[in-house]
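**Student:** If you count the sequence shown from 1, position 255 lands on 255 in the working numbering, and the numbers rise without skipping.
We treat Cβ as the ideally placed atom computed from N, Cα and C, and that holds for glycine.
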Amino acid sequence: MEPTKRGRVRVETTAKRVRAYVEGHAVADTTRALLVWESPHYPTYYFPLADVDTGLFKAAGRTAHSPSRGDAEVHDVAGRPDAALVYGGDAPLEEIRGHVRLDWESMDYWFEEDEEVYVHARDPYTRVDILASSRHVRIEVGGVTVADSRSPRILFETGLRPRYYLPKTDVRLDLLRRSATRSPTAPTRAGRSTGPSGRATRARTWSGPTPLRCRRARRSPGSSRSTTRRSTSTSTACSRPDERAPGRIGVSRGPRTGAAPPAPVAVGAGPAGHTRPGGVPSGG
């Protein structure tokens, strides 16, 4: 992949086949998609106009402006309003000229090759490591202990806070209510924990319904046998990071990667989507 930087926007090519569907129609199908970092957190797909079914488009009669990407024509797609932005030959970012940006939520399905992708495009620079641990993790909501475990699995993902996966037997499942949530790699189920007053607190846990498709790291040519033994005993390579621990409950937003969390880890019932200092939560 060859990166190109223009101010705060980064553009790269990807060799993956990327498709987007609406009502059974392939709106876009290409092996020439661009990954455009409109924000530093994750990329967005841009499709060559030639690989998009513009027969599903209807011009909205207006433009959308971005300081870094210029003006784009707004189009409805299969009756869904403002679902596509078409960049012409005068876009300040040369790489996106003649490309289409599809609104993620306006599409029904997204695929990289034959695997469905959720929420947003995958970041090719994100690495996921899942390590067995003996840390003491305790989760409290409203003064009630929701989970207490000394055998978590900790998921470390590039640029994100660690996520903790706890055995279900260490979690008060009677305090959790199911609700839907998603990740970029898989749909998951989330729980809502309830405090002593019966008031539901913002969802902070989730669990995957299917076994993790993981493999132990293989020894690369030239690596030592002892090094390989150490790495395969502690690290797991996963193809679907949010289906990584069947029979476990996941918790996110601990201390940042590289910082040892306090033991035990306690979570207070702060405002929705926030954590108290030293806390482990909200899911995501």
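Considering only C-alpha positions, which residue in the set 29, 23, 97 is nearest to residue 16?
**Tutor:** Per the Cα distances, 29.
**Student:** To test your reading of the DSSP string, which unbroken beta strand (DSSP E) runs of 3 or more residues are found completely within the region 3-58?
**Tutor:** Counting only runs of 3 or more, we get 4-6, 9-13, 18-22, 25-30, 34-37, 44-48.
**Student:** Please state the DSSP three-state secondary structure of residue 94.
**Tutor:** Of the three classes helix, strand and coil, the one that applies to residue 94 here is helix, per DSSP.
**Student:** Residue 150: which of 168, 129, 142, 117 sits nearest, CA to CA?
**Tutor:** Residue 168 is the option with its Cα nearest to residue 150.
**Student:** Which runs of the beta strand (DSSP E) at least 3 residues long sit entirely within the region 84-167? Give them in chain order.
**Tutor:** Listed in chain order, they are 99-102, 109-112, 128-132, 137-141, 144-149, 153-157, 163-167.
**Student:** Are there three or more Cβ pairs, one per stretch, closer than 8 Å when the region 128-136 is compared with the region 72-82?
**Tutor:** Short answer: they don't touch.
**Student:** Taking contact to mean at least 3 C-beta pairs separated by less than 8 Å, is the region 89-105 in contact with the region 43-55?
**Tutor:** The region 89-105 vs the region 43-55: in contact.
**Student:** List the endpoints of the continuous beta strand (DSSP E) containing residue 74.
**Tutor:** It spans 70-77 - the beta strand (DSSP E) in which residue 74 sits, taken as one unbroken run.
**Student:** Alpha carbon to alpha carbon, what distance is there between residue 165 and residue 148?
**Tutor:** Between residue 148 and residue 165, the C-alpha separation is close to 12 Å.
**Student:** In whole angstroms, what is the alpha-carbon distance linking residue 301 and residue 54?
**Tutor:** A question about residue 301 goes unanswered here, because the residues of the chain that appear run from 1 up to 284.
**Student:** Run the CB neighbour count on residue 14, radius 10 Å, all protein chains shown included, and call it buried at 16 or more, exposed below.
**Tutor:** With 16 or more other Cβ atoms within 10 Å, it is buried.
**Student:** On the DSSP bridge list, what partners appear for residue 62?
**Tutor:** Beta-bridge pairing links residue 62 to no other residue.
**Student:** Compare the C-alpha of residue 109 against each of 25, 10, 11, 12 and name the closest.
**Tutor:** Per the Cα distances, 25.
**Student:** Within 10 angstroms of the Cβ of residue 20, are there 16 or more other Cβ atoms? Answer buried if so, exposed if not.
**Tutor:** Buried is the call here.
**Student:** Out of 35, 27, 42, 32, which one is the CA nearest neighbour of residue 160?
**Tutor:** The option with the nearest alpha carbon to residue 160 is 42.
**Student:** With distances taken between CB atoms, is the gap from residue 92 to residue 69 smaller than 9 Å?
**Tutor:** Yes, they are a contact pair.
**Student:** Under 8 Å Cβ to Cβ from residue 145, same chain only, skipping five residues before and after it: list those, please.
**Tutor:** Around residue 145: 138, 139, 172.
**Student:** Does the Cβ of residue 125 have 16 or more other Cβ atoms within 10 Å, making it buried, or fewer, making it exposed?
**Tutor:** Residue 125 should be labelled exposed.
**Student:** Report the option in 177, 121, 98, 67 whose CA atom is closest to the CA atom of residue 52.
**Tutor:** For residue 52, the nearest C-alpha among the options comes from 98.
**Student:** So, at 6 Å on beta carbons, what are the nonlocal neighbours of residue 155 in its own chain, with the 5 sequence-adjacent residues on each side left out?
**Tutor:** Only 130, 163 meet the Cβ criterion.
**Student:** What's the call for residue 81, buried or exposed, on a 16-neighbour Cβ count within 10 Å?
**Tutor:** Exposed, because fewer than 16 other Cβ atoms sit within 10 Å of the Cβ of residue 81.
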